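Protein chains in written order, with this note's numbering: chain H, 7 to 233; chain B, 7 to 233.
For every residue, glycine included, the Cβ atom is placed at its ideal position computed from N, Cα and C.
If you're wondering where the values come from, they're calculated on a predicted model, not measured in any experiment.
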DNA sequence: CCAATAGTTCGATGAGTATCGAAGCAGGAA
DNA sequence: TTCCTGCTTCGATACTCATCGAACTATTGG
């Protein structure tokens, strides 16, 4: 028998559940009540939805005291949602025509485990321009000079390369409609800039807030031309 | 506003519509009645579903006389369904535990525009073994000797490479749980072996039937060790 | 022109399910 | 213990939507 794709799709195909999943695209683990309030429903309803999402293997749950922390099951689930995002954003751009309600969200946000938005697209372009990654329109690769560059930045390339997941992967940005960097390297960049204190996650959204100093350093280190 | 992923997901999240989409994963254009019978519903119901799928930009329709031919909108939609397939197949393997009902389907089938199943996995392995493609666990690439090999096979590499779509792309096979070849090269291989008459599409399913002679030639040309 | 086939529209029915109030359970705090 | 909070279970309600019969439009073939 072919697997039944409708089971998983119908889990996502419900507005409130979809809202919860989008909230979890921040990569953070959220409690049941946090997810309930973010989707504007009661805790009873949220509980029902969340158990369905866990049963459907889209979420994992970790119990901690009297709290239950929910998270996306892994990057595979995140990638599925990304694909849905780009397909959802594509056709309506002309018909809805209104810009994004939140310009800050358009500028920089988290896409599960890597950076997205204008900043991420600029970063991608800058890395290509400097020859650290190569985008030959078929696939995205890290170059030798790129490996040297990231090693110099403090990354353990061998470690993050030794993974089933691709090191580099271009991921279509739904707001910019251009490539940004995903994969384990994209993951490292996000973790690195958070640990360096250049930016911090928003508490309640997928947004990323750069400090003005952090933004300057980020642009300088990665050779991004600031306007 | 973030795009609403639930709209598209709910289109797929209905069993009969999902069946129709799976039927269209054969890559062929099918008429409304063909899709209706394949999903065991009346033409009225099918008509309703199909118009929703077209409105949701998952299908395109082409009118020809009194027939309406439906097709997946493009490889992006096919890739979304592939991702759903692998996620759907993954968790239940141990719980359901039964093999695929149709061993022929497991052996070789079409995945929108490329080959899938055991044959496709063997092909992938053979190409890697001979150094025609390189799978460095991060991404899949065609090598120079691979380019020479496929040019010798009659492919116009420059033409199929000059595309927004990746030339090589590994695609996880849901039945084998291993990589097979997708992308424009995977597309070329399928078209080539069909045009050479080594195999033919099944009329009513995603199955691919190799002629015994065609299978021998296929194995020989691509250096696949037959058991 | 008439018959046959492909597909659509409309309306009624029915199944599935999201929602929340009320009650219950469990972990942590006083 | 007693209270408070986070989460779950149960049951009733309401809403969405898949389904099909019946009637209708459009295209092809004689």
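Query, Result
"DSSP three-state assignment for residue 70/H, whether helix, strand or coil", "strand"
"With 16 other Cβ atoms within 10 Å as the buried cut-off, status of residue 218/B", "exposed"
"Within chain B, the residues that residue 180/H reaches when beta carbons sit closer than 9 Å", "8, 9"
"Contact the segment 196-215 of chain B vs the segment 110-122 of chain B: 3+ CB pairs below 8 Å", "yes"
"Where the beta strand (DSSP E) containing residue 47/H begins and where it ends", "It is not in any beta strand (DSSP E) - residue 47/H carries neither H nor E in the DSSP assignment."
"Nonlocal neighbours in the same chain, by C-beta distance under 8 Å from residue 187/B, ignoring five residues either side", "120, 121, 126, 129, 130, 133, 139, 146, 174, 175, 176, 177, 195"
"Nearest-angstrom Cα separation, counted from residue 215/H out to residue 149/H", "30 Å"
"Unbroken stretches of the alpha helix (DSSP H), 4 residues or longer, contained in the segment 161-195 of chain B", "163-167"
"Residues, ordered as in the chain, of the segment 57-71 of chain H that lie near chain B by beta-carbon distance below 9 Å", "62, 63, 64"
"Chain-ordered residues of the segment 117-140 of chain H with a beta carbon less than 9 Å from chain B", "none"
"Test item: CB-CB of residue 25/B and residue 45/B under 9 Å", "yes"
"Cβ-based contacts, 9 Å cut-off: residues of the segment 10-29 of chain B near chain H", "10, 11, 12, 13, 14, 15, 16, 17, 18, 19, 20, 21, 22, 23, 24, 25, 27, 28"
"Length at least 3, wholly inside the segment 116-144 of chain H: the beta strand (DSSP E) runs in chain order", "120-122, 139-141"
"Any C-beta of chain B under 9 Å from that of residue 109/H", "no"
"Three-way DSSP call (helix, strand, coil) for residue 246/H in this model", "Any question about residue 246/H goes unanswered here, given that chain H covers just 7 to 233."
"Alpha carbon of residue 234/H to alpha carbon of residue 87/H, nearest angstrom", "Nothing about residue 234/H can be reported from this structure: the residues present for chain H run from 7 to 233 only."
"DSSP three-state assignment for residue 8/B, whether helix, strand or coil", "coil"
"Segment contact flag, the segment 13-24 of chain H with the segment 51-63 of chain H, C-beta cutoff 8 Å, min 3 pairs", "yes"
"is_contact[residue 165/H, chain B] using C-beta, thresh 9 Å", "no"
"Under 8 Å by beta carbon: chain H residues contacting residue 205/B", "Under the 8 Å cutoff, chain H gives no residues; its nearest Cβ is about 20 Å from residue 205/B."
"Element boundaries [beta strand (DSSP E), containing residue 205/B]", "205-207"
"Boundaries (first-last residue) of the beta strand (DSSP E) holding residue 146/H", "146-148"
"Neighbour list for residue 95/H in chain B, Cβ cutoff strictly below 9 Å", "8, 9"
"Contacts that residue 41/B makes with chain H (C-beta to C-beta distance below 8 Å)", "What residue 41/B touches in chain H: nothing, since even the nearest Cβ is about 15 Å away."
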